[in-house]
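Taking it in order: structure first as structure tokens, then the write-up.
Residue numbers (this note's numbering): 3 to 185.
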């Protein structure tokens with residue numbers, strides 16, 4: 003019964019992460035194009051960041067089964083990036099939050115590629131999204147590529163998250179990989 007609970011909890015966590023990611027993106031897009039004023043700020047900043055903080059913790063919980071140190075590094079980069087994004091921190095025109103998020107996506111892509119419980123294509127897409135977000139380290143290039151870089155980054159990141167929401171993880175393989183990591 004405990005084994006079934008572990009598998010089920012990995013599935014639940016994966017589906018929660020995917021759902022919260024979708025909520026995060028949907029509210030950010032809604033606020034960007036429709037809402038303005040205080041309500042727009044709340045929907046554009048507070049809800050997406052709170053949702054993505056939860057996604058970050060859920061993803062750590064799932065992917066520590068692959069590599070705890072890499073999963074922990076991903077958490078640190080993403081939470082730092084989310085804080086920078088909330089504060090709208092920029093340094094010499096560089097969007098620090100997006101660059102940190104890029105590192106997070108590359109690390110998560112690596113974890114997804116090394117996992118045995120997700121299709122490898124999901125890891126490749128997530129890593130690709132990370133590379134796209136890292137373009138924000140070069141503001142002139144990021145501005146020149148806009149909005150195509152944003153679309154590519156969102157697609158590369160959204161497809162693995164939608165997979166998690168709709169399909170989850172292979173519970174048996176997740177359990178096996180978690181047992182190996184724990185040993």
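In this text, a Cβ means the ideal position worked out from N, Cα and C, and glycines have one as well.
By the beta-carbon neighbour count (other beta carbons within 10 angstroms, threshold 16), residue 103 is buried. Per DSSP, the continuous alpha helix (DSSP H) segment holding residue 146 begins and ends at 141–147. Taking the Cα positions, residue 119 is about 43 Å away from residue 39.
With the rule of 3 Cβ pairs closer than 8 Å, the region 54–70 counts as touching the region 167–184. Collapsing the DSSP output to three states places residue 93 in a strand.
Between the region 39–51 and the region 69–78 there are fewer than three C-beta pairs closer than 8 Å, too few to call the two in contact. In this structure, residue 86 lies near residue 98, with their beta-carbon atoms less than 8 Å apart.
In the three-state DSSP reduction, residue 79 falls in the helix class (H, G or I). Each of 17, 50, 105, 113 was checked against the Cα of residue 132, and the nearest Cα belongs to 105. In the same chain as residue 21, and ignoring 5 residues on each side of it, the C-beta atoms closer than 8 Å to its own belong to 167, in chain order.
The C-beta of residue 130 has 16 or more other C-beta atoms within 10 Å across all chains shown, which makes the residue buried.
With 16 or more other Cβ atoms inside 10 Å of its own Cβ, residue 155 counts as buried. From the listed residues 134, 23, 71, the smallest Cα separation to residue 153 is found for 134. Beta-carbon to beta-carbon, residue 45 and residue 56 are separated by about 16 Å, too far to satisfy the 8 Å threshold.
Residue 108 sits in a helix when the DSSP states are folded into three classes. Using a Cβ distance threshold of 8 Å, residue 12 and residue 137 do not count as a contacting pair.
By alpha-carbon distance to residue 144, the top candidate from 100, 109, 25 is 100. Exposed is the label assigned to residue 35, since fewer than 16 other Cβ atoms lie within 10 Å of its Cβ.
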